[in-house]
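Just add 5 to the spot in the sequence shown (first one is 1) and you have our numbering.
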Amino acid sequence: MEKFFIRGGIPLHGTVYISGAKNAAVALVAATILCDEPCTLENVPAISDITKCLDILRSMGAVVRMERDGVIYIDPRSINTTEVPYKQAVTMRASSYFLGTLLGKFHEAFVPMPGGCDLGDRPIDQHLKAFRALGATDKVVRGANYVKADKLIGNQIFFDMVTVGATMNAIFASVRAKGQTIIENAAKEPHIVDVANYLNSMGADIRGAGTDVIKIRGVEYLHGTTYATIPDQIEAGTYMVAAAATKGDVVIANVIPKHLESITVKLRKCGVNVEENDESVRVWVDKPLQNTTVKTQPHPGFPTDMQPQFSTLLTMAYGTSRVTEEIFNNRFRYAAELRKMGADISIEGGKVAIIQGVDHLSGAPVQATDLRAGAALVIAGLAADGMTEIGNIHFIQRGYERIDEKLQKLGADIKRVIVPENDSVEMSG
Ligand SMILES: CC(=O)N[C@H]1[C@@H](OP(=O)(O)OP(=O)(O)OC[C@H]2O[C@@H](n3ccc(=O)[nH]c3=O)[C@H](O)[C@@H]2O)O[C@H](CO)[C@@H](O)[C@@H]1O
Ligand SMILES: C=C(OP(=O)(O)O)C(=O)O
Numbered sequence: 006m007e008k009f010f011i012r013g014g015i016p017l018h019g020t021v022y023i024s025g026a027k028n029a030a031v032a033l034v035a036a037t038i039l040c041d042e043p044c045t046l047e048n049v050p051a052i053s054d055i056t057k058c059l060d061i062l063r064s065m066g067a068v069v070r071m072e073r074d075g076v077i078y079i080d081p082r083s084i085n086t087t088e089v090p091y092k093q094a095v096t097m098r099a100s101s102y103f104l105g106t107l108l109g110k111f112h113e114a115f116v117p118m119p120g121g122c123d124l125g126d127r128p129i130d131q132h133l134k135a136f137r138a139l140g141a142t143d144k145v146v147r148g149a150n151y152v153k154a155d156k157l158i159g160n161q162i163f164f165d166m167v168t169v170g171a172t173m174n175a176i177f178a179s180v181r182a183k184g185q186t187i188i189e190n191a192a193k194e195p196h197i198v199d200v201a202n203y204l205n206s207m208g209a210d211i212r213g214a215g216t217d218v219i220k221i222r223g224v225e226y227l228h229g230t231t232y233a234t235i236p237d238q239i240e241a242g243t244y245m246v247a248a249a250a251t252k253g254d255v256v257i258a259n260v261i262p263k264h265l266e267s268i269t270v271k272l273r274k275c276g277v278n279v280e281e282n283d284e285s286v287r288v289w290v291d292k293p294l295q296n297t298t299v300k301t302q303p304h305p306g307f308p309t310d311m312q313p314q315f316s317t318l319l320t321m322a323y324g325t326s327r328v329t330e331e332i333f334n335n336r337f338r339y340a341a342e343l344r345k346m347g348a349d350i351s352i353e354g355g356k357v358a359i360i361q362g363v364d365h366l367s368g369a370p371v372q373a374t375d376l377r378a379g380a381a382l383v384i385a386g387l388a389a390d391g392m393t394e395i396g397n398i399h400f401i402q403r404g405y406e407r408i409d410e411k412l413q414k415l416g417a418d419i420k421r422v423i424v425p426e427n428d429s430v431e432m433s434g
């Protein structure tokens, strides 16, 4: 079992380079199934969700080769099954994308129920609604979703709520369907645009990605391409908050500042300085942090995937802050861990956190409960007095490439340590 040990209280300084976006890259890897020729993906992050997506492709017969760091060659022509193995599927949400891509290419898919962060209910009814609109049928077999279609025919799809996953799957299932599909109330996240750009670079006809109406005219053939993943908005936001929480001065490089706007605005409300440059942002603090309100929303609103990290910053901001989680119904499980570090955070009705700022947090043994909760605890540990020991760091490794090394380069005292199961390491400082 691996843990992070962080001796906190050191302001972060320097430049950190942001990797390719997890939530774009997992979709790009799955989307490659739709192609009739080999593709090369660049700027792919070295994270465990990507390893699992690539394992799924290999297990289905695709040729997958790491050309060099971040560059992956995928030849989907040798795929010989439409069944996704259980082991990889159940640990991540992105496995649901194999439903849309296998259905879109082979008109059939068998995919175990997707996993991912435990944030409350995460049904896939809207994904299935999209598949049905295109002519597919579905049933649950041995704990897996089985979808099938004799042929896929373009149609109008209206989502009941804004959903990233179902928007992705509707694109995947319709990109080779006959005729035109119109997706309404579509998600507008940068990773939706990235996937549409990737498929268009293969010859797909997708228009409107990034707005709430996406029009897709089905094509018969998709040719090979080379495509680079966008930078990770959430990884960047996490380092922005870490810089602020430690009262440091950090340049976050290789980013698209426009994607970070909702985070930048809230940081400035707290009194944090953010300077936007062409492909980087600089974050520094020269006065006490102030309270604010945050409400998570679909893009371009404040991202739910930044909520735990930002709430952690607010535990150290002067005054009372209010954070409302609008996307998921159980995304405050990290609050109990932050309380162990001295945070004053209470949860009202599962949806709202009331945070009373404290002078400082103090290091403690804590457990990551999911990916962003884990990132939040890393930020808390970096800012806290003394030593913090974080367990369950495999959650963090799902979405952050070499987070310990990147933080060390910014001056943090963080170590990844292998500890025997049930062993606790003596805490000091
Ligand atoms: C791999 C990936 O990209 N994961 C992201 C994706 O998750 P994911 O695609 O699962 O999130 P969705 O946007 O689909 O979910 C938004 C809301 O819609 C609900 N819903 C969704 C689908 C459905 O069929 N029925 C339904 O009720 C969900 O329970 C949730 O309350 O978007 C989330 C919201 O930005 C992010 O937190 C996740 O990091
Ligand atoms: C919730 C997240 O991921 P997933 O949907 O893969 O569980 C996330 O990236 O914060």
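Glycine is no exception: its CB is placed at the ideal position from the N, C-alpha and C atoms.
Just so we're clear, the structure is a prediction, and the values are computed from it rather than from any experiment.
Query	Result
Length at least 4, wholly inside the stretch 17-54: the alpha helix (DSSP H) runs in chain order	27-36
Cα-Cα separation between residue 288 and residue 121, rounded to whole angstroms	30 angstroms
Close-in-space but distant-in-sequence residues of the same chain around residue 322 (CB under 7 angstroms, 5 per side omitted)	275, 294, 295, 296 and 362
contact_flag[the stretch 26-40, the stretch 89-104] where n(CB pairs < 8 angstroms) is 3 or more	yes
Classification of residue 199 by the beta-carbon crowding that lies within 10 angstroms, buried from 16 upward	buried
Rounded straight-line distance, which links the Cα of residue 402 to that of residue 52	6 angstroms
Separation of residue 375 from residue 386, as counted between CA atoms	16 angstroms
Cβ neighbours of residue 356 in the same chain (closer than 8 angstroms, five flanking residues each side left out)	329, 330, 331 and 334
Per-residue DSSP class, three states only, for residue 81	helix
Contact check, residue 359 vs residue 317, beta carbons under 8 angstroms	no
Where residue 4 falls: helix, strand or coil (DSSP)	Since the first residue of the chain shown is 6 and the last is 434, residue 4 is not available in this structure.
Residue 347 versus residue 48 - alpha carbon distance	39 angstroms
Assumed close pair residue 58, residue 35 - CB separation to whole angstroms, cut-off 8 angstroms	6 angstroms
Ligand 2 heavy atom lying under 7 angstroms from the CB of residue 223	no
Three-way DSSP call (helix, strand, coil) for residue 271 in this model	helix
Complete runs of the beta strand (DSSP E) confined to the stretch 299-356 [at least 3 residues]	325-329 and 349-353
Whole-angstrom distance between residue 183 and residue 158, CA atom to CA atom	5 angstroms
Closest residue to residue 216 among 124, 192 and 383 (Cα-Cα distance)	192
Residue 282 classed as buried or exposed, judged by whether at least 16 other C-beta atoms fall within 10 angstroms	exposed
Residue 312 classed as buried or exposed, judged by whether at least 16 other C-beta atoms fall within 10 angstroms	buried
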